[in-house]
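Numbering (the numbering used here), first residue to last: 1 to 673.
A virtual CB, placed ideally from N, CA and C, is assigned to each residue, including glycine.
As the structure is a computational prediction, the values presented were derived from the model and not from experiment.
Taking it in order: structure first as C-alpha cells, then the write-up.
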C-alpha cells in the first residue's frame with residue numbers, strides 16, 4: 001500500500017496539472033473552461049463544447065427568432081456536448097433531443113498558454129439532415145485539428161420547431177436559419193479569444209447544411225458574417241431546400257396536433273392565410289414539443305406528403321428588415337446577381353440518389369410500387385405534380401427506358417490531367433439529347449402545362465459526345481413503352497439512382513454555378529471516390545453509423561448468393577454524405593492509417609483548409625484547381641476524385657447535355673426571366 005501511494009499521488013498530480021493547463025477563456029457572456037483533446041496525428045487541441053449562443057427557445061420563445069444569450073457569473077464548464085435539437089429519429093423510431101439546444105462548440109489548437117499569437121482561419125460547419133434532423137455533435141473535427149485552424153460547430157432548430165411559417169407575421173419562419181445567423185454573430189464577437197480571425201470565416205456544410213451556406217450568401221441578415229463558402233451536395237435551389245406551401249404545411253400540422261386551423265383565400269392577392277391564427281399559435285406554443293417532433297414520422301418515407309416537411313420558406317416582409325431572412329424565392333436573388341459575391345466551393349457525389357433508392361430497395365412494398373406502378377408514383381417520388389404525365393414521360397425516356405445500364409460509379413469521360421498513367425475503365429459514350437415530348441417547355445409554369453397527347457416521341461438524331469459523363473443514351477421511345485408501368489428495378493437500379501441524383505442534387509448545383517459564376521469565383525468538384533465507409537445503409541434504415549464496405553459485401557453475398565432476405569444491390573456507389581467520414585471522425589467510421597481512405601482523408605482536409613486560408617492557388621495532389629469556366633458546352637475545370645488508383649482529374653464540358661434537359665422542365669419556370 002505504501003508503495004502505491006506515491007504512484008497514486010503522481011497520478012492525481014498529473015490529472016490536476018493537465019486540467020490546470022486548460023485555459024479559462026473570458027468571452028463576452030462570461031468565463032468558460034474546456035478540456036484537452038488530441039487530433040488524428042496526436043496534436044493537442046482545446047475543445048469548448050456546449051457554449052450557449054442564444055437563449056433557450058422554449059415557452060414564449062418557441063417559434064420565435066433567437067434572442068441573444070444571457071451573461072453568467074463564475075466559470076462555466078464547457079467540456080461536454082449539449083443535447084441535439086428536438087427531432088424524430090427515424091432509425092430509433094422515437095423523438096430525441098431537447099428544445100433547449102442552441103449551443104455551439106469551438107475547437108482550437110494548443111499554443112503554449114492556449115491562445116495563438118497569430119490569428120487563424122475559422123471554419124464554421126453547418127450540419128445536414130434535410131432541415132428535419134441532424135446534430136453538430138456527430139462531427140468530430142479531429143482531422144482538421146492536425147492543422148492550424150479554429151473549427152466551430154453548432155446546433156440549430158429543425159423541423160416545425162425551426163421552420164414553421166404561417167406567413168402572417170405571427171410565426172415568421174426560418175427560425176433555424178436565424179439560429180445560424182445568431183451563431184455567426186457569436187463567432188464575430190468571440191472568436192478572437194480562441195485564436196481565430198473574424199475576418200477569415202469560412203462556412204461549410206453538407207446537404208441541408210450546404211443549402212444553408214448558400215442561403216447565407218443570399219440573405220441580407222448574413223452580410224459581413226463570413227468570407228468564403230463551401231457547399232457539399234446542396235444549394236438553396238435544391239428541391240429539399242424550400243417549402244413553397246408553408247401555410248398549408250402549418251394547417252396540416254395543426255390538425256395533427258388538434259389545434260384548430262382553417263385556410264382563408266379571400267385576402268388580397270389570393271394568398272392563403274390561416275383563420276384564427278392567433279389562437280392557433282397559442283395552441284402550438286402549448287403543445288408538448290415531443291408531439292410536434294413525433295408528427296414528423298412520415299417525413300422519412302420516399303412517398304412522404306410534400307406538406308409533411310418543414311423547410312426554409314419565403315417570409316412575409318416585416319417592418320424590421322434586419323429580422324427577415326428570406327423575402328423572395330432564392331432563384332430571384334441569384335438570377336438578379338444580388339447574392340454575396342464570395343469565393344464558393346461546391347459539388348456533389350456521384351450517386352447522391354442512393355439516399356432514396358437504397359431505401360426503396362430495402363423495402364418490398366416500395367420496390368413493388370416502383371416495379372409495377374412507376375408512372376403513377378413518379379411525381380410523388382420526385383416531387384412534382386403527379387398528374388403531369390408529360391414530365392413523367394420525359395424523365396422516364398431520358399433516364400430509364402432502353403438504356404444500357406452502366407455501373408453507378410462509372411468514371412466521367414472527359415479529362416485533361418491525371419496523377420497516374422494507369423489505364424482506366426472505358427467510359428460509355430452517350431448520344432445527344434432527345435427532344436422533350438410534345439414541346440414541353442421550361443417557360444410554362446407547371447400549373448398551366450397540359451399533359452402530352454401525341455402517341456409517339458421521336459428522338460433526335462444520334463451522335464456521340466464524350467463531353468457529358470452523366471447523360472444516359474437516347475432511347476427509341478413510344479407511347480406503348482410509357483403506358484407499360486413495369487420497371488425491373490434491379491436492372492434499372494443504376495439509372496433510377498442517377499435520376500434521383502440529378503433531380504435532388506446535381507441539377508440544382510449546376511444551375512446555381514451557371515448563374516453565379518458570372519459574379520464570383522466558383523470551384524466545383526465531383527466526388528466519385530468510394531471509401532470504406534458509406535451512408536447507404538443509414539438511408540436504407542439499417543444502421544445509424546456509416547458502414548464498412550467489406551462487411552457490406554459479405555452481407556450482399558449471404559443474401560444474394562445464399563438466397564436469404566433481399567438486401568442492397570451489388571453496385572452501390574458514392575452516396576449522399578459519403579465524403580463526411582473522410583472529413584470528420586465518426587465513432588464507428590474512423591479512418592485507419594496506411595489505407596487509401598487515410599490518404600484521401602488527409603488530402604481532402606488539406607484542400608478544404610487551402611480554400612479556407614484563401615490561398616491564391618488551389619491544388620490537389622499536384623494538380624492545379626482553377627475556378628470554373630461556364631459556356632454552352634458545359635462547365636470546365638471540375639475537380640474529380642475517384643477510386644481508380646487514386647486518380648484525380650480535371651473534367652471539362654460537365655453536364656453539357658444534361659443541363660438543357662433539366663432547363664426544359666418547368667420546375668423553376670415561374671421564376672425564369
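Boundaries of the alpha helix (DSSP H) harbouring residue 277: 277-286, taken from the DSSP string.
When secondary structure is reduced to three states using DSSP, residue 215 falls in the helix class.
When secondary structure is reduced to three states using DSSP, residue 316 falls in the coil class, being assigned neither helix nor strand. Put simply, the backbone Cα of residue 86 is about 17 Å away from that of residue 65. The DSSP-derived three-state label of residue 622 is coil. DSSP places residue 52 in the uninterrupted beta strand (DSSP E) bounded by 44-52. Contact between the region 144-154 and the region 89-108 is present: three or more C-beta pairs spanning the two stretches fall below 8 Å.
Assignment of residue 664 by DSSP, reduced to helix, strand and coil, places it in the helix class. In the displayed model, residue 636 falls within a strand according to three-state DSSP. For residue 393, the enclosing alpha helix (DSSP H) covers residues 389-399.
Under the three-pair Cβ rule at 8 Å, the region 160-169 counts as touching the region 300-311.
If you look at residue 376, you'll find it in the alpha helix (DSSP H) that goes 364-382.
Residue pairing by DSSP puts residue 585 in a beta bridge opposite 140. The residues 519, in chain order, have a CB closer than 6 Å to that of residue 337 in the same chain once the five nearest residues on each side in sequence are set aside. A distance of 8 Å or more separates the beta carbons of residue 499 and residue 665. In this structure, the beta-carbon distance from residue 237 to residue 302 does not fall below 8 Å. For residue 641, the beta-bridge partners assigned by DSSP are 527, 648.
Shown here, residue 306 sits in a helix according to DSSP, grouped into three states. DSSP places residue 501 within a helical segment (H, G or I) once states are collapsed to three. Here residue 531 is not near residue 609, since their CB atoms are 8 Å or more apart.
Exclusion of the five residues before and after residue 584 leaves 139, 140 as the residues of its chain whose Cβ lies within less than 6 Å of its Cβ. Collapsing the DSSP output to three states places residue 197 in a strand. The C-alpha of residue 99 is placed about 20 Å away from the C-alpha of residue 184. Within the same chain, Cβ atoms closer than 7 Å to the Cβ of residue 355 are found at 539, 575, 576, the five residues on either side in sequence being excluded. In this structure, residue 342 sits away from residue 327, with a CB-CB distance that is not shorter than 8 Å. When 63, 648, 535 are compared, the shortest CA-CA separation from residue 351 is found for 535.
Taken through DSSP and simplified to helix, strand or coil, residue 23 comes out as coil. In the structure shown, residue 246 adopts helical secondary structure according to DSSP, grouped into three states. Between residue 228 and residue 611 the beta-carbon gap is near 6 Å, inside 8 Å, which marks them as a contact. In the structure shown, the three-state DSSP call for residue 186 is helix. In this structure, DSSP gives residue 171 a state outside helix and strand, which the three-state scheme calls coil. One alpha carbon belongs to residue 511, the other to residue 133, and they sit about 26 Å apart. Residue 27 is a Cβ neighbour of residue 190, given a cutoff of 8 Å. Look at residue 510 here: in three-state DSSP terms it is helix.
Runs of the alpha helix (DSSP H) lying entirely within the region 588-619 and spanning at least 4 residues, in chain order: 596-612. Taking a C-beta distance under 8 Å as the contact criterion, residue 516 and residue 344 qualify as a contact pair.
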